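full-length UniProt numbering numbers the first residue of the sequence shown as 1 and each following residue consecutively. Inspection log for the structure reproduced underneath, given as structure tokens.
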Amino acid sequence: MLWTASLCLLWALSILGAPVNKQRQRVLLISFDGFRWDYDRDVDTPNLDKMAKDGVKALYVTPPYLTITSPTHFTLLTGRYIENHGVIHNMWFNTTTTEKKPYYQTQFVNEWWDNGTLPIWITAQRQGLKAGSLHFPGTASSYQGQVAMVREVEPRLYNYKNETAWRENTDKVMGWFRDQDLDFVTLYFGEPDGTGHRYGPDSPERREMVKQVDRTVGYIRHSAKQHGLTNSLNIIITADHGMTTVYRNGQVEEITLSKIPGFSFSDLSFHLVDFGPSGMLLPKPGKLEKVYNALKGSHPHLHVYKKEEMPERLHFAKNDRILPIILWSDPGYVINGYFPVQFNKGEHGFDNQEMDMKPFFRAVGPAFHKNLKVGPFETVNIYPLMCHILGIQPEVNDGHLNATKHMLVTSTTTQGEFISD
């Protein structure tokens, strides 16, 4: 009798401790840079529509501030706000030498990325999974001596618009899943960001690029099926930020710092401006109040903050890399330094509360409900969602599974036993 009771107890414990769904779950995270939340509203997008019907569609998602490429992508990889993960800008800079490196070169500055926060590639691999990345920001770096198991960084002069290359890259990562048995892969496409910058978010060129994105979404799902991944692969498609129109041709009074009375670049040790609507300044010793007072209230569409006075909701202050004075402009305006050198018709980098800065979100796969529309959530929450599906223990992060778990067929993990809040 005692022996029988013991067997029953062991059986019950095994049932309670085991995941409900033992099917292996993989995750493919895809970013279409600069795909605003409403880009499917003025274009026919049958493949995105089908993905929403077969899976989950969010009304929109909110990226962290600063709404530019590298920082927001690293938030997707870490679940941390930008002040916490430390990749605060697309450009590496040194305030002592005044050296700056543009976006592509910064991808290879290891210490810019590897500054204490682990991306999900490394976390997954440390817990026995296999990870890869193709062209995703942060791919080129190592983290505490480790890199993604399979990775590919785009060459310096790369055509981000080439649809044939998009399909080749899609097949490549599907091959990684099938032939190298990967569990998690990130895949990056540089559009419609480039087109939105050049022609503006309301242009016919942008609408044509959204059609190309939609065709690619259809091809991604087709390729997954052709590679035998339909029953195990969860595809999450999102973006880093949105895009808004820049006022030009005398439509507005432009913001040019050199024209502001009482402000002088000679009072600065270092500055990071002429980069869309955002800027950071390092005043010389004893000059902070002078610089701040000259700029504060100088233009009705220019916001000027001392670092310690930044709105807490932006989570962009508590990091040594962030400079003492932070600037940003209202939508439609960019911040010029000595004179206007920016001629994009579309820009991002604005306050993340602005609707034009919101990206889109779609998800489909065996872990997700079908034909489910959900409300907005922050992109910091995508990281714990992916960790949960993969069954791995996340690093310390700023996201919450509670924000996304209603998307899932079951709240139980697959590879492992981890369940977050």
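Built from N, CA and C at the ideal position, the CB exists for glycine as well. Because the structure is a prediction, the values reported are computed rather than measured.
Outcome for residue i when other beta-carbon atoms lying within 10 angstroms are tallied against a minimum of 16
i           : result
Pro-285     : exposed
Tyr-338     : exposed
Pro-201     : buried
Glu-254     : buried
Lys-130     : buried
Tyr-143     : buried
Thr-404     : buried
Gln-251     : exposed
Asp-351     : buried
Ser-70      : buried
Phe-265     : exposed
Glu-417     : For Glu-417, the predicted model reports a pLDDT of 42, less than 50, meaning its position is unreliable; a value from the coordinates is still stated below. Burial call: exposed.
Val-210     : buried
Asn-159     : exposed
Phe-93      : buried
Met-386     : buried
Asn-110     : exposed
Gly-116     : exposed
residue 434 : What the structure shows of the chain is the stretch from 1 to 421, and residue 434 is not part of that stretch, so it cannot be assessed.
Phe-343     : exposed
Asn-169     : buried
Thr-410     : exposed
Glu-396     : Residue identity check: residue 396 is Val in the sequence provided, not Glu. Under this definition Val-396 is an exposed residue.
Thr-98      : exposed
Glu-309     : exposed
Gly-312     : Residue 312 is actually Glu in this sequence, not Gly. Glu-312 comes out exposed.
Pro-204     : exposed
Expected contact under 8 Å - CB spacing of residue i and residue j to nearest Å
i           : j       : result
residue 423 : Asn-231 : There is simply no residue 423 to check, as the chain begins at 1 and stops at 421 in what is shown.
Gly-242     : His-73  : Rounded, the Cβ-Cβ distance is 14 Å, inconsistent with contact.
Asp-240     : Pro-102 : 17 Å between Cβ atoms; not a contact.
Gly-34      : Asp-193 : 3 Å
Val-61      : Thr-379 : 5 Å
Met-357     : Thr-67  : 5 Å
Asp-171     : Ser-133 : Their Cβ separation, rounded to whole angstroms, is 16 Å, which puts Asp-171 and Ser-133 out of contact at 8 Å.
Phe-361     : Glu-191 : The pair is not a contact, with the Cβ atoms about 17 Å apart (cut-off 8 Å).
Trp-37      : Pro-359 : 6 Å
Arg-178     : His-227 : 5 Å
Trp-176     : Thr-216 : About 18 Å; that fails the 8 Å criterion.
Gly-399     : Pro-384 : 4 Å
Residue i vs residue j beta-carbon contact at 8 Å
i           : j       : result
Leu-390     : Phe-184 : yes
Ser-269     : Pro-283 : yes
Met-149     : Leu-229 : no
Tyr-81      : His-315 : yes
Gln-105     : Pro-137 : no
His-135     : Gly-346 : no
residue 428 : Phe-368 : As displayed, the chain neither begins before 1 nor continues past 421, which places residue 428 out of reach and without an answer.
Ile-236     : Ile-382 : yes
Pro-331     : Thr-256 : no
Lys-296     : Asp-267 : no
Asp-42      : Arg-207 : yes
Ile-30      : Leu-187 : yes
Val-273     : Ile-220 : no
Gln-146     : Gln-127 : no
Asn-47      : Asp-214 : yes
Gly-375     : Leu-28  : no
Thr-333     : His-301 : Here the sequence assigns Tyr to residue 333, which means Thr is not the residue at that position. In this structure, His-301 lies closer than 8 Å to Tyr-333 by Cβ.
Lys-318     : Glu-83  : yes
Tyr-292     : Lys-306 : yes
Contact with chain D by residue i, beta-carbon distance below 8 Å
i       : result
Gly-138 : As a matter of chain content, chain D is missing from the structure shown, which is built from one protein chain.
Heavy atom of the ligand MN within 7 Å of residue i beta-carbon
i      : result
Asp-42 : For the structure depicted, the ligand MN is absent and the ligand set is empty, with no information on it obtainable.
List, from N- to C-terminal side, the beta strand (DSSP E) runs of 3 residues or more that fit wholly inside the segment 27-80. Here the runs fully enclosed are 56-58.
Write down every uninterrupted run of the beta strand (DSSP E) in the segment 255-337 whose length is 3 residues or greater and which is fully enclosed by it, in chain order. Entirely contained in the segment 255-337, the beta strand (DSSP E) runs reaching 3 residues are, in chain order, 268-275, 278-283, 302-306 and 325-329.
Counting Cβ pairs, one atom from each stretch, are 3 or more of them under 8 Å apart for the segment 116-123 and the segment 76-87? Segments in contact, yes.
Specify whether the segment 259-269 and the segment 43-54 touch according to this definition: at least 3 beta carbon pairs, one from each stretch, less than 8 Å apart. The segment 259-269 is not in contact with the segment 43-54.
Can you find at least 3 beta carbon pairs, one from the segment 305-325 and one from the segment 271-281, that sit closer than 8 Å? A contact is defined here as three or more CB-CB pairs under 8 Å, and the segment 305-325 meets this definition with respect to the segment 271-281.
Within the segment 169-224, note down every full beta strand (DSSP E) run reaching 3 residues or more, in order along the chain. Taking 3 residues as the shortest admissible run, the segment 169-224 contains the following complete beta strand (DSSP E) segments, listed from N- to C-terminal end: 184-189.
If you scan the segment 122-178 from start to end, which runs of the beta strand (DSSP E) of 3 or more residues do you find wholly inside it? When DSSP assignments are scanned along the segment 122-178, the uninterrupted stretches of beta strand (DSSP E) that are 3 or more residues long and fall wholly within it turn out to be 131-134 and 150-152.
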